[in-house]
Amino acid sequence: MLTGLKEVWELDNFFPGGSKSEQLHKFLEELQKDMDARVSEVQAWDIPQAGNESKELVTLLENMQQTIKKAREVSAFVSCLTAQDVSDKEANLLRGRLTQMNAGFQMASSTLEEKISKIADSTWKVLLQDEKLAELAFVLEERRSKAKEKLPLEQESLINDLSVDGYHAWGQLYNTLVGRMTIPFEENGETKQLSVGQAQNKLYDHDRNVRQVAFANWEKAWEEQEDLFSETLNRLGGYRLNVYKHRGWDKVLKEPLEVNRMSEDTLATMWNVINDNKTTYVNYLNRKAEMLGVDKLGWTDIYAPVGSVDNKMSYDEGANFIVKHFESFSPKMADFAKTAFTENWIEAEDRAGKRPGGFCTSFPLAKESRIFMTYDGSANSVSTLAHELGHAYHSHVINDLDEYNTHYAMNVAETASTFAEMIVSDAALKSVDSKEEKLALLDDNIQRSIAFFMDIQSRFLFETRFYEERKNGLVSTNRLNELMVEAQKEAFNESLNEYHPHFWSSKLHFYITGVPFYNFPYTFGYLFSMGIYALALKEGKSFEDNYINLLRDTARMSVEDLAMKHLNVDLTKPDFWQGALDVANEYVAQFMELTDK
Numbered sequence: 001m002l003t004g005l006k007e008v009w010e011l012d013n014f015f016p017g018g019s020k021s022e023q024l025h026k027f028l029e030e031l032q033k034d035m036d037a038r039v040s041e042v043q044a045w046d047i048p049q050a051g052n053e054s055k056e057l058v059t060l061l062e063n064m065q066q067t068i069k070k071a072r073e074v075s076a077f078v079s080c081l082t083a084q085d086v087s088d089k090e091a092n093l094l095r096g097r098l099t100q101m102n103a104g105f106q107m108a109s110s111t112l113e114e115k116i117s118k119i120a121d122s123t124w125k126v127l128l129q130d131e132k133l134a135e136l137a138f139v140l141e142e143r144r145s146k147a148k149e150k151l152p153l154e155q156e157s158l159i160n161d162l163s164v165d166g167y168h169a170w171g172q173l174y175n176t177l178v179g180r181m182t183i184p185f186e187e188n189g190e191t192k193q194l195s196v197g198q199a200q201n202k203l204y205d206h207d208r209n210v211r212q213v214a215f216a217n218w219e220k221a222w223e224e225q226e227d228l229f230s231e232t233l234n235r236l237g238g239y240r241l242n243v244y245k246h247r248g249w250d251k252v253l254k255e256p257l258e259v260n261r262m263s264e265d266t267l268a269t270m271w272n273v274i275n276d277n278k279t280t281y282v283n284y285l286n287r288k289a290e291m292l293g294v295d296k297l298g299w300t301d302i303y304a305p306v307g308s309v310d311n312k313m314s315y316d317e318g319a320n321f322i323v324k325h326f327e328s329f330s331p332k333m334a335d336f337a338k339t340a341f342t343e344n345w346i347e348a349e350d351r352a353g354k355r356p357g358g359f360c361t362s363f364p365l366a367k368e369s370r371i372f373m374t375y376d377g378s379a380n381s382v383s384t385l386a387h388e389l390g391h392a393y394h395s396h397v398i399n400d401l402d403e404y405n406t407h408y409a410m411n412v413a414e415t416a417s418t419f420a421e422m423i424v425s426d427a428a429l430k431s432v433d434s435k436e437e438k439l440a441l442l443d444d445n446i447q448r449s450i451a452f453f454m455d456i457q458s459r460f461l462f463e464t465r466f467y468e469e470r471k472n473g474l475v476s477t478n479r480l481n482e483l484m485v486e487a488q489k490e491a492f493n494e495s496l497n498e499y500h501p502h503f504w505s506s507k508l509h510f511y512i513t514g515v516p517f518y519n520f521p522y523t524f525g526y527l528f529s530m531g532i533y534a535l536a537l538k539e540g541k542s543f544e545d546n547y548i549n550l551l552r553d554t555a556r557m558s559v560e561d562l563a564m565k566h567l568n569v570d571l572t573k574p575d576f577w578q579g580a581l582d583v584a585n586e587y588v589a590q591f592m593e594l595t596d597k
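Under the UniProt record's numbering, the sequence shown has 165 at position 165, and the numbering climbs by one with no breaks.
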């Protein structure tokens with residue numbers, strides 16, 4: 001039993017003293033020297049002319065990977081600092097410095113990739129027979145192929161340099177603007193100024209009046225800043241489209257699909273199967289409207305709690321709940337979660353000044369992770385905590401691999417996290433007897449399906465259409481609102497009576513510069529893990545090692561190959577996806593039965 005857990009994370013074991021840490025500043029100086037050395041080494045490296053010239057490349061790759069680990073370590077630390085206190089100006093300066101350093105270091109990666117792309121095919125095949133290079137074969141082949149599709153190195157370097165104060169700066173500006181926003185909310189006769197994260201929690205309140213007032217204030221707050229956010233989104237989109245144009249890429253989905261190592265066929269099949277199952281979820285939304293005594297649901301009613309779990313869970317209770325249910329599937333994952341809780345890897349405190357949302361970041365040198373969220377004791381909070389622990393476990397099981405073999409894509413990253421969420425929620429569902437509790441837990445499960453099948457689909461539709469219109473010039477604020485509502489109506493099959501026009505401004509994911517289309521990979525991960533979960537239920541604890549092996553391969557092959565190797569399924573065909581949806585649909589069937597008058 002875990003007791004007396006701290007809700008504030010421990011960061012001093014990395015660099016004592018936070019943003020003013022002397023060790024941190026010394027580390028950054030050494031890292032800069034390392035990065036400069038890598039750039040020089042790569043530039044001095046001669047392209048191999050024969051298959052027996054692998055030794056120098058092996059050394060080069062080992063050095064590169066070690067420097068990347070150091071850069072990831074300090075980047076993770078700084079991201080923790082900026083998240084825990086949005087007013088930490090020193091941390092924001094460090095973030096800017098790291099962005100600059102990483103852009104400079106990108107020259108080493110770009111040069112290496114270009115040189116690798118110029119190695120003769122016959123020589124390349126022989127080089128990959130080297131034991132150490134063979135371990136990295138998938139990643140190296142992938143980079144070699146991508147380099148051939150890019151601009152000459154000088155132009156790619158220019159893009160990187162300009163992105164620091166252009167592209168990435170716009171993304172950072174968004175975070176700064178959101179961090180400074182406050183949203184008023186009246187409680188017990190007193191108007192409080194809430195952070196975005198605190199205000200967001202009010203949108204999920206049990207009381208419909210609280211949700212409606214909070215949503216009205218929420219929409220108004222984003223509307224007041226809409227011109228700034230419209231400018232930011234337009235510049236991010238324009239920058240990306242210009243880069244694509246110069247590379248000769250005509251499809252905006254080319255990069256996100258390649259980043260996620262999946263084919264357009266797989267993506268299309270997934271959405272088609274979801275669309276074929278939409279009626280199930282529209283029926284659920286209509287039933288929920290009946291239960292709330294309204295004709296149609298409003299935006300904040302989608303995720304309104306139904307039924308009731310007796311009490312909110314304290315942080316200690318939430319932790320024990322998660323560990324207990326992890327144990328039922330995977331003792332190794334349960335032990336890992338205990339470590340995360342007892343070693344203070346989690347920042348969960350509900351306080352002002354934190355950035356909104358949740359994330360998990362890993363420290364490859366320390367072989368640890370840190371989880372950030374605002375825990376409020378709700379079922380949603382417990383789910384978020386389990387989700388982030390899934391991310392951390394994924395990092396844990398691959399931390400002995402080569403650095404390049406740990407760079408898994410977002411879609412399979414979401415597999416581990418969603419899988420962890422499902423273990424907790426499904427085990428909880430099986431353990432309750434009362435109708436009210438069962439309804440609450442079923443609803444929590446179904447809400448996730450609604451999020452992945454409808455909410456996230458609306459984001460995907462919006463982003464796809466935004467880019468199409470952005471090709472012709474700036475997209476006005478009014479048009480962004482129209483595109484958002486059109487996408488929401490389509491994704492929700494027009495089953496709501498109210499939509500969220502300014503969702504495009506309130507959702508961080510549209511402003512993340514690291515990865516375009518921060519949406520469909522979530523849905524992929526959710527359904528992929530549903531399919532895996534169905535197999536795990538059949539095999540029980542014996543599936544644990546298979547699951548770990550699958551996670552260890554996530555950065556070493558395409559998702560189609562991953563599914564074929566470990567699950568023996570073809571992701572371009574509807575069968576696997578329908579099987580996964582059948583698991584999700586069963587929750588709706590149980591809900592409809594329990595609420596049938």
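Ideal Cβ positions, reconstructed from N, Cα and C, are used throughout, including at glycine.
What you are looking at is a predicted structure, and each value in this text was computed from that prediction instead of being measured.
Anyone know if the C-beta pair for residue i and residue j falls short of 8 Å?
i	j	result
residue 528	residue 415	yes
residue 379	residue 444	yes
residue 513	residue 236	yes
residue 345	residue 371	yes
residue 307	residue 436	yes
residue 188	residue 106	no
residue 18	residue 11	yes
residue 496	residue 254	no
residue 150	residue 247	yes
residue 567	residue 554	no
residue 197	residue 355	yes
residue 571	residue 559	yes
residue 409	residue 375	no
residue 413	residue 540	no
residue 634	residue 511	Any question about residue 634 goes unanswered here, given that the chain covers just 1 to 597.
residue 312	residue 377	yes
residue 503	residue 460	no
Please state the DSSP three-state secondary structure of residue i.
i	result
residue 362	strand
residue 419	helix
residue 163	helix
residue 556	coil
residue 256	helix
residue 398	coil
residue 212	helix
residue 573	coil
residue 316	helix
residue 561	helix
residue 150	coil
residue 225	coil
residue 278	helix
Which residues does DSSP pair with residue i in a beta bridge?
i	result
residue 192	185
residue 496	297
residue 370	361
residue 347	372
Have a look at the options and flag the residue whose alpha-carbon is nearest the alpha-carbon of residue i.
i	options	result
residue 220	595, 500 and 562	500
residue 128	175, 521, 58 and 147	58
residue 76	63, 62 and 91	91
residue 65	383, 386 and 364	364
residue 481	4, 16, 230 and 35	230
residue 577	78, 531 and 113	531
residue 417	401, 396 and 431	396
residue 384	506, 420, 403 and 404	420
residue 304	259, 201 and 274	201
residue 152	112, 184 and 78	112
residue 130	164, 569 and 53	53
residue 389	424, 550 and 87	424
residue 487	477, 502 and 457	457
residue 256	366, 381 and 517	517
residue 463	474, 477, 483 and 454	483
residue 597	87, 291 and 103	291
residue 97	427, 259 and 32	32
Would residue i count as contacting chain D if we go by Cβ distances under 8 Å?
i	result
residue 135	Here there is only one protein chain, and chain D is not present.
Quiz item: Does the segment 59 to 75 touch the segment 333 to 342, meaning 3 or more C-beta pairs lie closer than 8 Å?
Solution: no
Self-check item: Three or more C-beta pairs below 8 Å linking the segment 259 to 273 and the segment 169 to 183
Solution: Verdict: no, contact absent.
Quiz prompt | Three or more C-beta pairs below 8 Å linking the segment 278 to 291 and the segment 442 to 457 | solution = Between the segment 278 to 291 and the segment 442 to 457, the count of C-beta pairs closer than 8 Å reaches three or more; the two stretches touch.
Practice problem: Determine contact between the segment 111 to 122 and the segment 140 to 157, defined as no fewer than three beta-carbon pairs at a distance below 8 Å. | Solution: yes
Quiz prompt | the segment 206 to 225 in contact with the segment 121 to 137 per 3-pair CB rule at 8 Å | solution = no
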